[in-house]
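For reference, the structure is listed below as structure tokens.
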Amino acid sequence: MQIILIEADLERALKESFNINMTISLLKSLKRPHTQIVFNVSGPAIFLKISEKTDGKPISLPRVEPALKDKLARRGYTFVSDINQADFLIELQCEARSGSQMQSLYSAFADLNLSVIQLSDGKELDKSNLTRVKGIDLSFEKAQYKALDEIGSRLKSELIPTMLEQLNK
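Residue numbering for the sequence shown follows our numbering, beginning at 555 and increasing consecutively.
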């Protein structure tokens, strides 16, 4: 929200039309007319359609979604729960799967597909993906979460900057 104060500059107006110091002194003592206008400023609205899974099952605590939301919110974008109020649709599908085990270390891999659609005309503005992003930890579950966390980091550093260029055109 932004508030803008609008106030008449009577001194300047009088100086340009009259050169009377007494009138200016008198006007300084009077309350000047002014008004305030309140603007409710928000960026473009985004509807998110997100799926995050490990071994084909939805996860309860998102790992990649917060990275996406954080970066977009910092740029002034807003999120809506009704697609009819959105300017853009962002579809994000992310899935991690178990890899292999070597001694007491477990590996996992994650893939991400990202699509940005401008809802006014249905045009796909951006389509990106990351594949076989690796995570290693002491169990398959932890390794999958590490892979998803790495996807989130790479999403912020590699994919979102390109996506923002397309959104801001």
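Each residue gets a CB set at the ideal place from its N, CA and C atoms; glycine is no exception.
Keep in mind that this is a model prediction, so the values were computed, not measured.
Query: Judging by CA-CA distance, which residue of E561, F601, L584, N638 is the nearest neighbour of Q590?; Result: E561
Query: Between the segment 704 to 716 and the segment 613 to 622, do three or more beta carbon pairs fall short of 8 Å?; Result: yes
Query: Can you find the residues in the same chain that come closer than 6 Å, C-beta to C-beta, to V687, ignoring five residues on each side of it along the sequence?; Result: A664, A701, E704, I705
Query: Can you look up Y699 in the DSSP assignment and give me helix, strand or coil?; Result: helix
Query: Flag this pair as yes or no: are the beta carbons of L643 and K681 separated by less than 8 Å?; Result: no
Query: With distances taken Cα to Cα, identify the nearest neighbour of E649 among L721, E719, F593, N683.; Result: N683
Query: Taking the beta carbon of F694 as the centre, do at least 16 other beta carbons fall within 10 Å, making it buried, or is it exposed?; Result: buried
Query: By the 10 Å Cβ neighbour count, where 16 or more other Cβ atoms means buried, how is L622 classified, buried or exposed?; Result: buried
Query: Drop a sphere of 10 angstroms on the beta-carbon of M656, count the other beta-carbons inside from all chains shown, and report buried for 16 or more, exposed for fewer.; Result: exposed
Query: Considering R628, what are the terminal residues of the alpha helix (DSSP H) in which it resides?; Result: 619 to 628
Query: Exposed or buried, E712, counting other C-beta atoms within 10 Å across all chains shown (16 or more means buried)?; Result: exposed
Query: In the DSSP output, which residue or residues are listed as bridge partners for G689?; Result: A662
Query: So which of D624, L659, A697, K611 has the shortest CA-CA distance to P715?; Result: D624
Query: Just verifying my parser: in three-state terms, what is the DSSP assignment at N683?; Result: strand
Query: Should I613 and E606 be called a contact, given that it needs their Cβ atoms to be closer than 8 Å?; Result: yes
Query: Considering just the uninterrupted stretch of the alpha helix (DSSP H) at Q720, what are its terminal residues?; Result: 714 to 721
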